[in-house]
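Each step along the sequence shown adds one to the number in the UniProt record's numbering, with nothing skipped, and position 87 is 87.
Taking it in order: structure first as structure tokens, then the write-up.
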Amino acid sequence: MFPPIKAAILPKAISFEQAAASFLKGLTVFYLLRKTYEVKPDEPFLFHAAAGGVGLIACQWAKALGAKLIGTVGSAQKAQIALQAGAWKVINYREENIAERVKEITGGKKVRVVYDSVGKDTWEASLDCLQRRGLMVSFGNASGPVTGVNLGILNQKGSLYVTRPSLQGYITSRDELTEASNELFSLIASGVIKVEVAENQKYALKDAQRAHEVLESRATQGSSLLIP
1 MFPPIKAAIL PKAISFEQAA ASFLKGLTVF YLLRKTYEVK PDEPFLFHAA AGGVGLIACQ
61 WAKALGAKLI GTVGSAQKAQ IALQAGAWKV INYREENIAE RVKEITGGKK VRVVYDSVGK
121 DTWEASLDCL QRRGLMVSFG NASGPVTGVN LGILNQKGSL YVTRPSLQGY ITSRDELTEA
181 SNELFSLIAS GVIKVEVAEN QKYALKDAQR AHEVLESRAT QGSSLLIP
């Protein structure tokens, strides 16, 4: 039997495709922006991979909170997608220096928090974007894990904090799941968060291998679905 702690009640206003495309990603954004570090209105912060599945939900959620999401992207096309979703500013990491642009955008103040799901490729840049005593939230390692870190670098860069949260660490009870899913589904039902899956990113279950190949190539935007 499926454990009740892992099941959420789906409102009638939410389709199964919307739920499948947003549930885990949306719960991730919930714990990042609402629990790990609660972003505030008018507060700028950095969010890597802003045009990805988690990133696009984060752009919309941040806008709803009145916060100023600065997102990193890998192309001009993805920059436009992130801006349309609600990003305040975008940085094309293939053409711009992330830390320098963050400093420029914030008038030299940098940011209080960085959300990083990329890992080793952005570790140093993320730390360089933080204010003194800022928080680095490392919640993924798409480019590989960060290894061989001398913790003294956190002191050198301003007595920084680092945390490695996970969904399993924040959704540990039925009440926590209900709180998170209710807030997510409410934002989707009201249209504040739009969940759209491109037709070319919907795959029959028999094409699962192809779906994984496309994901690994980083050619996708937002969520992809496997449909039984």
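Where is the CB? At the ideal position from N, CA and C, for every residue including glycine.
Computed from a predicted model, the values in this text were never measured in an experiment.
Residue(s) in a DSSP beta bridge with residue i
i    : result
G52  : G222
V214 : Looking at the DSSP assignment, V214 forms no beta bridge with any residue, so it has no partner.
K202 : L225
S138 : D116
F47  : G71, Y115
DSSP three-state assignment for residue i, whether helix, strand or coil
i    : result
K25  : helix
V39  : coil
P3   : coil
N155 : helix
I70  : strand
K89  : strand
R101 : helix
R132 : strand
E196 : coil
I14  : coil
R94  : coil
Selection from the options that minimises the alpha carbon distance to residue i
i    : options                : result
S22  : P41, A8, K35, V54      : V54
K109 : R133, I91, S117, G26   : R133
P4   : L130, Y161, T163, T178 : T178
C168 : K12, L24, P11          : Going by the sequence as given, residue 168 is Gln instead of Cys. Closest by alpha carbon: L24.
Delimiting residues of the beta strand (DSSP E) encompassing residue i
i    : result
D128 : Taken as a continuous stretch (DSSP letters only), D128 belongs to no beta strand (DSSP E), being part of the alpha helix (DSSP H) at 123-128.
Y161 : 161-163
Opening and closing residue of the alpha helix (DSSP H) in which residue i lies
i    : result
S181 : 174-189
Y170 : 167-170
Touch test, the region 119-132 against the region 144-152, Cβ-Cβ under 8 Å, three pairs minimum: The region 119-132 is in contact with the region 144-152.
Is the region 38-46 in contact with the region 8-23, if contact means three or more CB pairs nearer than 8 Å? The region 38-46, when compared against the region 8-23, does not touch it at the 8 Å Cβ threshold.
Could you tell me whether the region 54-65 touches the region 80-100, using the rule of 3 or more Cβ pairs below 8 Å? Contact between the region 54-65 and the region 80-100 is present: 3 or more CB-CB pairs across the two stretches fall below 8 Å.
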